[in-house]
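Asks: According to the working numbering, the sequence shown is numbered sequentially starting from 4.
Just passing along the structure, written as structure tokens.
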Amino acid sequence: MYFWDQHKTITLYYEMLTASTCDKYHLKKMEYDILMFLYHNPEYNTAADIVRIRKSTKSHVSTALKVLEERGYITKKTSSSNKKRVELYLQDSANEIVKEGLDVQNQFAHDMLQGLTDEEIKVCRNVFEKICRNVEECIQKKGL
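As structure tokens, then:
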């Protein structure tokens, strides 16, 4: 169970790196995470997608989206093909935050993977993807 005890160290370091961007733009972690998620995953652009993929609670996502919309970082548009589907789009006003976020993510990846060979990184990714698939299957089996 060593990994499960230590994975929080990885999360803590990422949060430490993102804190200055969040502070600078007066963002909560969830708000920052949603902006970065929308940037990296434009095909998953609904609140339901964010809840499903990030395993976030509906209420937290809803609250964060409201703030982001009020501050002009995102816009919501009703899909032309499905009037019940509300799609989320990053606005140009979020570009500076996203750029800083990308810099932070690159720094995080660099720091976390330093000393590993390309082959070791590839093996880590493959193993981690398998672990995630296993966990997803367990969640689905339990009906969560």
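We put the beta carbon where it would ideally sit given N, CA and C, even for glycine.
Of all the options 129, 144, 140 and 61, which has the alpha carbon lying nearest to the alpha carbon of residue 37?
Replies: Out of 129, 144, 140 and 61, 61 has the C-alpha closest to the C-alpha of residue 37.
Asks: Let me know the secondary structure DSSP gives residue 90 once reduced to three states.
Replies: It is a strand residue.
Asks: Since residue 78 and residue 92 should fall inside the 8 Å C-beta cutoff, what is the C-beta to C-beta distance between them, to a whole number of angstroms?
Replies: Right, the Cβ-Cβ distance comes to about 5 Å (below 8 Å), so this counts as a contact.
Asks: Report the rounded CA-to-CA distance for residue 132 versus residue 122, giving the unit in angstroms.
Replies: Residue 132 and residue 122: Cα-Cα distance of roughly 15 Å.
Asks: Using DSSP with H/G/I as helix, E/B as strand and the rest coil, what is residue 49?
Replies: Residue 49: coil per DSSP, three-state reduction.
Asks: Just curious, the beta strand (DSSP E) that residue 78 is in, first and last residue?
Replies: Segment 77 to 81, the beta strand (DSSP E) holding residue 78.
Asks: Quick check on the DSSP output: the alpha helix (DSSP H) that includes residue 108 runs from which residue to which?
Replies: Per DSSP, residue 108 belongs to the alpha helix (DSSP H) from 98 to 116.
Asks: Tell me which residue opens and which closes the alpha helix (DSSP H) that residue 95 is part of.
Replies: No alpha helix (DSSP H) holds residue 95; DSSP gives it neither H nor E.
Asks: Excluding the 5 residues preceding and the 5 following residue 72 in the sequence, name in chain order all residues of the same chain whose CB lies nearer than 8 Å to its CB.
Replies: Around residue 72: 78 and 79.
Asks: Would you tell me roughly how many angstroms separate the C-alpha atoms of residue 116 and residue 108, rounded to the nearest one?
Replies: Their Cα atoms are separated by approximately 12 Å.
Asks: Residue range of the alpha helix (DSSP H) that residue 133 falls in?
Replies: Start and end: 121 to 145.
Asks: Quick check: what's the CA-CA separation for residue 12 versus residue 75?
Replies: Taking the straight line from one Cα to the other gives about 33 Å.
Asks: Beta carbon of residue 111, beta carbon of residue 17: below 7 Å?
Replies: The answer is yes: Cβ separation under 7 Å.
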